[in-house]
Structures are given as C-alpha cells and as structure tokens.
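Residue numbers (the UniProt record's numbering), protein chains in the order written: chain P, 1 to 289; chain G, 1 to 265. Worksheet for the structure shown next.
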C-alpha cells in the first residue's frame, strides 16, 4: 500500500483498503445498538423489575397467571396462522389468474397490488366499518331488501372481522413475490404439459406449484410475522373482546401505566415472532430452493 | 395459456373479479365515497358534501399532515443513509459476519412495532438521553422501523451489481472513495430511490409505534385518523385518510420520476 503511488494506481484498488472492512461496519451497527438493541435490552431488564422494587420473576408470574394474557396469546397465534393460510390460498389463486389466464387490464391489476402495499393497514378496517358495520353497505342492502330493522352482519367486532381485514391487507404481500416468480416461469413448460394431455388442475399442481414454493414460503413467512405483530387493524376494530399481544402491550403501557407488565408481554411477543420467523426461514429454505 | 376454452376462461375471470373487487377495490372506493358523504345507512352513502375535506385540510389536520410529511421525510432520509451505509459495509465483509449483519438489520421487521415503540419509550424516558415528549422520539422510532426495509432492498441491489464496473474503475486508478461515489452509488441510484419511496410510504402510515410515544404537539396523520374514528367522526376520518393516501401517492410518483430519469443515464 505504501508503494502505491499515482504512477502505479492499479495496486491501490479496492483490494488493499486503508482500513479493514469491519471498521466501516462499526458506525451503522453502533447506531443500531443505540436506538434499537439497547432499548430492547432495557425492555427485557424492566420485565424483571416489578413496581415494588428489586429484581424478580414476579411480573412474569403475574402476567402468565392472568386470563387476559392467555386469551390474547391464543387469539394472536390462531389469527396469525389463519390469516397466513388465507393469504397464501387467496394470493396463489389471484396471482395464478393474473399470470396465466391474463385478461385485458391484468397489468393494471398488478400495478394496483403494488399501490395497495403502500397504504397503511388500518384503512382496511376503516373501510370494513362502512361495508359491514352496523349501518354499512351490506346491512343497508339487507334492510332495504327485506324491510327488517337490522341487518345480519355483525361480525366486525369479533375476531372474524380482524381475520377478514388481515387477509385483505396481507394477500398482496403474497401476490407480489408470486407474480415475480411466475414471470420467470417458462410458459413452454405449460404448453408442453398441456399438449401431453394434462388438464389445468394437474398443470397447476405438478408444474406451477413446485416453481411457486419458494415464493410462497418467503411471502408466507413475512405475512405470518406481520400478522403476529399487527396492531392498527385490531386497534381500529375497537372491539373489547379481541385482544392480541400488541394490543395488550399498548393497553398495559399507555392505558394502565403498568410498564413491567407491558415489558413482559413485549418479551413474549418478540420471542414468538422472532422464533416463528426464524423457524419458518429455516424450514422454507429446506423445502424451497 | 393455462385455460383454453373460451367458456372456462370467462368462468375464471368471473371468479377473479368476484374475489378481487369486493376484497381489494371496494375498501378503497368505500373510503373515498365516505369522505364525500355525511351519512351511510343504505347501500350507497348519502348527503354529498365537501365539508369533510374542509375539516381535513385545516387546523389540527393540516398540522398533522405537515407533521407526517416532516417525520416521513426525515426518517426515510436517515434510514436510507444508515441502511445504505450498513448494506455497503456488510457487502465488504466475510460471509459469516455478513450473515450477522443481515440478521441484526432485519430484526426490526420481526420485532413488533408496538414493542419497538415501547422500547424506545423506555430507553429515552430516562437519562442519559431524555427525548420523551419531543418530536425526535417519533422520528427515531420511524427511522428504526424503516431502516430494516432500506437495508434489505439496498443489499439486494448490491448483490445484483456487476462487479466488473468497480473493478474496471479501480484498475483505471480510481480510489475506493471514487469508486463508491462515481460508480457504485450511481448504479445503485434506482434501487436507492425505490427504497426511499418504500420507507416514506411505510413511515407515512406508521401507527403502532407512534401510538406508544407521540407527544401532544407532534401528532401524525394516522394518529389523528384514529382519534377521529374513535370519537365517531368516521366521515372526517375518511377524508383525512384520503389526504394521507393522496400525499403518499404523490410523493411516490415524484420519487418514481427520479428513478426513470436515473435509469436513462
């Protein structure tokens, strides 16, 4: 390096940097540690410090013993799993039609899917209030047609309303990687399969699905973790009987000012989502490519 | 390709529309329709009005719009700088340390944003750094949340980058700084602007972490939409939501224009 002068510039290229590469990685990592890792560590620390002082596992015992926590845990997990399953099925079907049974405007639809991704999730719940709310579109149609005083749709404040909103909002997250994968699939394969006598369901099962597995796995893992962590949709539903772990964290910290309790729920939530995400990544890497 | 008979094609398209329209197109149309209405007790909204927009573009709503724009702009620029730096530094590392770096910077996606909010609230409500009650705590939270996305998209772009360009530049005598500034960053520019757009959109719609730590004088649009709908002002809330969507789309459009201009270079 010392011999590298302007006359022999080739030696001074990127292969002999003045500082080792890891030094350049230090500033961003230090920044991340300051604004993310250190705060996260404090949450873990505070989860062991009850309001009465000292260090104990008392907050954990209290939280685990409460009915509200166990119910929130169960609601969070089954809602996330059901939403992911719904998104995968729906996203696969819709992407299949856009890619392989193209219609005029299919391109506009896939552009619309991209736009959809840039909107916040709570808009869906807001819209569902107008569609299926007590005085919304569906119930209005019902009362207009049948003359009844009230419509039959009142599932919005139940977990089913949250499920519908999550499937609606997160399906595009599955469609996008799928559409990208489908665009690289050689259509000659489909023509060959079809000319050999395979019908559409069989082509989907034996040609398209294997190609789509990695995209399904990555989209599914992202949706699973986003559903586990979803807050806006549940908050806007405004239902007392639908409490998920993120809602519980918010309720304990902001509404009840019970910080140790909130930190305990937060630690559990982080463990579940990071754990499931990691597990899913490992499994999908094995199953997929 | 997949379905050949005309009849079957129409059946598939009908099924597609039946699924797609009510699930994806209807919600956006409904919010748009509600924003121009005063009442919705039948199939269609009634009482056309623009009063919701008058409420949504003055006073606290206007302030919330500027708050959101400033927060999203600051957070996405900070996230872009930090994420790009981290991605470039990670690309120069050995395989194992690069994996560690990837995991570290993707972690904020896997951690619930409510927990990110709680963590930042806990950390910056106590010495040595007291930020609770200032706008910076909101901006920091947004930056943490979107940096992960900036890092991911920039590092994906770096792996697609053809190393021949930087090698050619280096062999012609360009130093590392010159290679970075004159070769790598211009080649990455399309992905950088795409990442900036993504970060901006995410920050504009961020609600979870913001709900945990926003001070009264720094209320972004999503919080205001929640406040409106929570007290029953659904139609004003819809108008503010339309303003939020329009502002996001306008900025995304502007950013995509930068991208197309860059790709002709």
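Glycine included, C-beta positions come from ideal geometry on N, C-alpha and C.
How many whole angstroms separate the CB atoms of residue i and residue j, which I take to be in contact at a CB cut-off of 8 angstroms?
i, j, result
"residue 36/P", "residue 108/G", "6 angstroms"
"residue 52/G", "residue 236/G", "5 angstroms"
"residue 24/P", "residue 89/G", "4 angstroms"
"residue 153/G", "residue 191/G", "6 angstroms"
"residue 121/P", "residue 233/P", "5 angstroms"
"residue 211/G", "residue 259/P", "No, residue 211/G and residue 259/P are not in contact; Cβ-Cβ is about 16 angstroms, not under 8 angstroms."
"residue 88/P", "residue 174/P", "6 angstroms"
"residue 186/G", "residue 205/G", "30 angstroms between Cβ atoms; not a contact."
"residue 226/P", "residue 170/P", "6 angstroms"
"residue 113/P", "residue 176/P", "7 angstroms"
My output table needs one value for residue i: the three-state DSSP class, helix, strand or coil.
i, result
"residue 39/G", "strand"
"residue 65/G", "helix"
"residue 191/G", "helix"
"residue 256/P", "coil"
"residue 52/P", "coil"
"residue 244/P", "coil"
"residue 218/P", "helix"
"residue 125/P", "helix"
"residue 146/P", "helix"
"residue 143/G", "helix"
"residue 201/P", "helix"
"residue 99/G", "helix"
"residue 4/G", "coil"
"residue 176/P", "helix"
"residue 266/G", "This structure cannot settle anything about residue 266/G, because the visible part of chain G is limited to 1 through 265."
"residue 118/G", "helix"
"residue 94/G", "coil"
"residue 93/P", "helix"
"residue 9/P", "The pLDDT assigned to residue 9/P is 44, lower than 50, so where the model puts this residue is not dependable, and the model offers no usable value."
"residue 218/G", "coil"
"residue 57/P", "coil"
"residue 104/P", "coil"
"residue 27/P", "helix"
"residue 184/P", "coil"
"residue 114/P", "helix"
Mind checking who residue i pairs with in its DSSP beta bridge?
i, result
"residue 46/G", "39/G"
Cβ of residue i within 7 angstroms of Cβ of residue j?
i, j, result
"residue 2/G", "residue 207/P", "no"
"residue 148/G", "residue 106/G", "yes"
"residue 243/P", "residue 72/P", "yes"
"residue 203/G", "residue 75/G", "yes"
"residue 120/G", "residue 246/P", "no"
"residue 42/G", "residue 147/P", "no"
"residue 67/G", "residue 220/G", "yes"
"residue 301/P", "residue 80/P", "The requested residue 301/P does not occur in the structure, where chain P is confined to residues 1 to 289."
"residue 200/G", "residue 82/G", "no"
"residue 238/P", "residue 252/P", "no"
"residue 123/G", "residue 42/P", "yes"
"residue 35/G", "residue 242/G", "yes"
"residue 119/P", "residue 132/P", "no"
"residue 47/G", "residue 55/G", "no"
"residue 95/P", "residue 164/P", "no"
"residue 151/P", "residue 143/P", "yes"
"residue 23/G", "residue 168/P", "yes"
"residue 195/G", "residue 164/G", "no"
"residue 118/G", "residue 266/P", "yes"
"residue 92/G", "residue 21/P", "yes"
"residue 111/G", "residue 208/G", "no"
"residue 116/P", "residue 172/P", "yes"
"residue 139/G", "residue 131/G", "no"
"residue 181/P", "residue 149/P", "no"
Interfacial residues, the segment 120 to 147 of chain G to chain P, with Cβ spacing under 9 angstroms: Answer in chain order: 120, 121, 122, 123, 124, 126, 129, 140, 141, 143, 144 and 147.
Chain G contacts made by the segment 55 to 81 of chain P, where a contact means CB separation under 9 angstroms: none
Residues, ordered as in the chain, of the segment 266 to 283 of chain P that lie near chain G by beta-carbon distance below 7 angstroms: 266, 269, 270, 273, 274 and 277
Where the segment 216 to 229 of chain G meets chain P: residues whose CB sits under 8 angstroms from a CB there: Going along the segment 216 to 229 of chain G in chain order, one finds 222, 225, 226 and 229 with a Cβ nearer than 8 angstroms to chain P.
Chain-ordered residues of the segment 38 to 72 of chain G with a beta carbon less than 9 angstroms from chain P: 39, 40, 41, 42, 43, 44 and 45
Chain G contacts from the segment 83 to 101 of chain P (Cβ-Cβ distance under 9 angstroms): 90, 93, 94, 96, 97, 98, 99, 100 and 101
Contacting positions in the segment 34 to 48 of chain P - beta carbon closer than 7 angstroms to chain G: 35, 36, 38, 39, 40, 42, 43 and 46
Short-range partners of chain P found in the segment 194 to 213 of chain G, where Cβ spacing is below 7 angstroms: Hits within the stretch, in order: 201, 205, 207, 208, 211 and 212.
Residues of the segment 101 to 114 of chain G whose Cβ lies closer than 8 angstroms to any Cβ of chain P, in chain order: 101, 104, 105, 107, 108, 109, 110, 111, 112, 113 and 114
Under 7 angstroms (Cβ pairs) to chain P, residues found in the segment 81 to 99 of chain G: 82, 85, 86, 89, 90, 92, 93 and 97
Members of the segment 146 to 170 of chain P near chain G, C-beta cut-off 7 angstroms: 168
Chain G contacts from the segment 206 to 239 of chain P (Cβ-Cβ distance under 9 angstroms): 208, 222, 225, 226, 228, 229, 230, 231, 232, 235, 236 and 238
Interface positions of the segment 110 to 121 of chain P facing chain G (Cβ-Cβ less than 9 angstroms), listed along the chain: 112, 113, 115, 116, 117, 118, 119, 120 and 121
Residues in the segment 147 to 166 of chain G having any Cβ partner in chain P nearer than 8 angstroms: 147 and 166
Near-chain P residues of the segment 235 to 255 of chain G (beta-carbon distance less than 9 angstroms), N- to C-terminal order: 237, 238, 241, 244, 245, 248, 249 and 252
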